[in-house]
Each structure stands twice: as structure tokens, then as C-alpha cells.
Ligand code: SAM
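Numbering (UniProt numbering), first residue to last: 2 to 219.
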């Protein structure tokens, strides 16, 4: 089927462009052992957000939705020595795993995990970040976007995962709060006067979804 071809090509891409990585493998093992859901970004997506951060020379990065810190390790590795990452996570059990993983990755000095509700934490942060990565509850995305625009410097990036949802954003069911949130987010992103943006439709080991990439205008 198409799905298995997409998965096979994704696996091929990951095997070409993402090296075996004991720290990232332990991050997954640790998260699984602690009972966390396996909803982290794929290796290829991790590489992409790492590259995006490096391409803009990001020194200050904000992540919303840490889970066990898998994507945090990718972003943290893109930082220069004096760089700083803040990542926000609601669930104490996820925070605990993420802190262990960042310690294991040698990133604990650069990466701070803040436990709390994303909107509460974001409201209390000061600009300026070079990059914001949104990957928490999708029904919160429209509100997180407002904060992300406030917090991101001109020329900085706002990246958001899971904004296609197998096409559910085309006509979100009234009972699918995440699809409604993602569709509202895409609409706001497309029409925002301070942003230039696109959504990359993605298929592969994580099914059919999409990643939004936006640049704050100068
Ligand atoms: N970025 C992670 C990665 O790729 O390794 C995956 C994040 S996972 C898709 C979403 C996370 O957002 C979950 O750990 C969940 O507990 C957290 N979350 C959900 N609602 C939240 C909220 N209101 N504030 C902060 N975190 C929240």
C-alpha cells in the first residue's frame, strides 16, 4: 500500500541522514519505561528542527510540549555554547523523564524544563527568542501562536507540529478539538501580518500530518 511505501521511504531517509545515536535511543527507552506515549517527533523531524535552529543561528529557543525531551535534545544540540533553551511541560512524570534525558545528553546546563500549563508559562516569559517550537495540545495552538509572535524576534522562526492531522483540518469535526485548533492555527498563521509561513505536508513513520514553518517579518 501507499502507507507502507511512505514508511519505507521515511525509514530510508532516516537511515541516510540520522546517525545511530545512543543518547536519543536511551531517551526513547527511558520514556517508554516510564509509560510515556510514543508521540515524539520522528528522527527525520528531529533533524529538521535541529537544522532550522542552526540555519538561523538560534541562541534562545522555546519549546512548548516537552514529553520526555526527545525533540528537546535535538533543539538543544543546535545551540551554541552560550545558548539557552526553555521547554514547557504540563505533566510532572514527563518533566522528570525529560530532565533525566537532558542530563544524560549533557544539555542540562543549557536546557530548562518548566513544569506548568503552556499558556501560563508563556504569558510570563520575556522576548526575545530566535525560535519557538510548538508541540503541545493542538487546541491551544491559536493562543500559543499569539504568545509565540510576541516572544520571537524579527527574522526568528515559529515551527508547529501536527497541523494536518490526516487531513482532518480540511473539515474539522465538531468533536475533534485538536483538528479545530490546528485549522484555526493554520488560518491565523496564513493571515498574520507579521508572519510569512508555509505548511509542509508530511507522510511517513508517523502517518499523514504536517509541520508549519513561519518567519517573523523584519
Ligand atoms: N515535543 C515532544 C517530542 O517530540 O519529543 C513531544 C511532545 S507531545 C506531542 C505533547 C506534550 O505536550 C505532552 O507531553 C503533553 O503532556 C504536553 N501538554 C499537553 N497539554 C499541555 C499544556 N497545556 N501545557 C504544557 N504541556 C502540555
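Cβ atoms here follow ideal geometry from the backbone N, Cα and C, with glycine treated the same way.
Three-way DSSP call (helix, strand, coil) for residue i in this model
i: residue 80; result: coil
i: residue 205; result: strand
i: residue 215; result: strand
i: residue 68; result: coil
i: residue 166; result: helix
i: residue 37; result: coil
i: residue 50; result: helix
i: residue 172; result: coil
i: residue 137; result: coil
Limits of the unbroken alpha helix (DSSP H) element including residue i
i: residue 41; result: Run containing residue 41: none; DSSP gives neither H nor E here.
i: residue 185; result: 178-192
i: residue 3; result: 3-18
i: residue 29; result: 23-34
Limits of the beta strand (DSSP E) - the one that residue i falls within
i: residue 195; result: That residue, residue 195, is in no beta strand (DSSP E); it is neither H nor E in DSSP.
i: residue 155; result: 153-162
Bridge partners - residue i, DSSP secondary structure assignment
i: residue 210; result: 203
i: residue 62; result: 86 and 132
Query raised in the report: Whole beta strand (DSSP E) runs in the stretch 75-135 with 3 or more residues, listed along the chain?
Result: Listed in chain order, they are 85-90, 112-116 and 130-135.
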